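Quick note: the sequence shown, position 69, residue 132 per the working numbering, numbers continuous. Here a beta-carbon is modelled for each residue, glycine too, at the ideal position from N, C-alpha and C. Bear in mind that the values here come from a model prediction, so they are computed numbers and not experimental data. Okay, structure first, notes after.
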Amino acid sequence: MEEGWLWQDGHRRSHQLVSPEERFFNSSWEHYVERIELCCAANKLSADADKTAALLSCCGEETYSLIATLVKPLRPPNADYVSIVEAVNNHINPKPSELSARHVFSKQVQHDGETVADYVTPLRKVAENSGFSDEQFSLDILHRDRSVLGVSNNIVQQRLLAEKTLERER
C-alpha cells in the first residue's frame, strides 16, 4: 500500500490508499467496496462525490475501464457512488432467474455420508434467489416450474431457464 493525502477542512490528512495497481478481481467486489467504504469512514468522507472520487482514484485501470463501460453515457466521475457499486455488482454477480434458481434448488440431494446440517446449509444458500419467500405459491407458478423442470430436451430447458420472466403460455 502507498501513503496518500486527503484534504479535509483545509487540513492535510494522511491515509492509506489501496494500491492503484490492485484490482478488485484479486478478492470479491463486495470486499473491495467494503474496504473503500472503510477508507472513506476513516477519512470522514461521507458525501457521495467524495466516495465516488475515492473509489475511482483507488481502483486499477481494469476496474476503472469496467466502470466507465457500465455507467455510459455518464463519465465515471459524474456517476453517483451507489449507481457505480450496483452496476459493477450486477455485472459481476448477475441475479439468476427465479426459475433457474428453483431448478438448482430442486436438483439438490443429500449425499451419502453427508450430515443433515451439511446438506441443509448449502440448500438455504441455493434458495436465496428462488423467490420462495417473495410470492404466494399458486397452482400456475408450480405448474410453470414443473413444466420447465420436467422438459427432457436440455437445450430447450436451458433456454427456458435463461428467461428472466416466463409466462405459463410458452
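Nearest candidate by alpha-carbon position, reference residue i, set the options
| i | options | result |
| --- | --- | --- |
| P139 | N152, A116, P159 | A116 |
| L229 | N217, I218, D208 | D208 |
| L162 | L223, S109, D111, D113 | L223 |
| E97 | V145, P136, Q220 | V145 |
| S160 | V189, T184, K135 | V189 |
| F168 | T178, P157, V179, G194 | G194 |
Buried or exposed by the 16-neighbour rule on C-beta atoms within 10 Å, applied to residue i
| i | result |
| --- | --- |
| Y182 | exposed |
| E84 | In this predicted model, E84 has a pLDDT of only 39, less than 50, meaning its place in the structure is not dependable enough to derive any value. |
| H166 | buried |
| K227 | exposed |
| A142 | buried |
| S210 | exposed |
| L137 | exposed |
| L129 | buried |
| L108 | buried |
| I99 | buried |
Helix, strand or coil at residue i according to DSSP, with G and I counted as helix
| i | result |
| --- | --- |
| R222 | helix |
| H174 | coil |
| S193 | coil |
| A142 | coil |
| A110 | coil |
| N156 | coil |
| S91 | coil |
| S215 | coil |
| L137 | coil |
| T228 | coil |
| C121 | helix |
| S77 | Confidence in S77 is poor, its pLDDT being 46 and thus under 50, which makes the residue's placement unreliable; the coordinate value appears in the next sentence. Three-state result, S77: strand. |
Cutoff 9 Å: residue i Cβ touching any chain D Cβ
| i | result |
| --- | --- |
| D175 | The displayed structure is made up of one protein chain only, and chain D is not part of it. |
Pair within 9 Å by beta-carbon distance, residue i and residue j
| i | j | result |
| --- | --- | --- |
| L119 | I155 | no |
| R150 | N192 | The sequence given here places Ala at residue 150; Arg does not occur at that position. No, the Cβ-Cβ distance between A150 and N192 is not below 9 Å. |
| C122 | K114 | no |
| Q171 | P157 | no |
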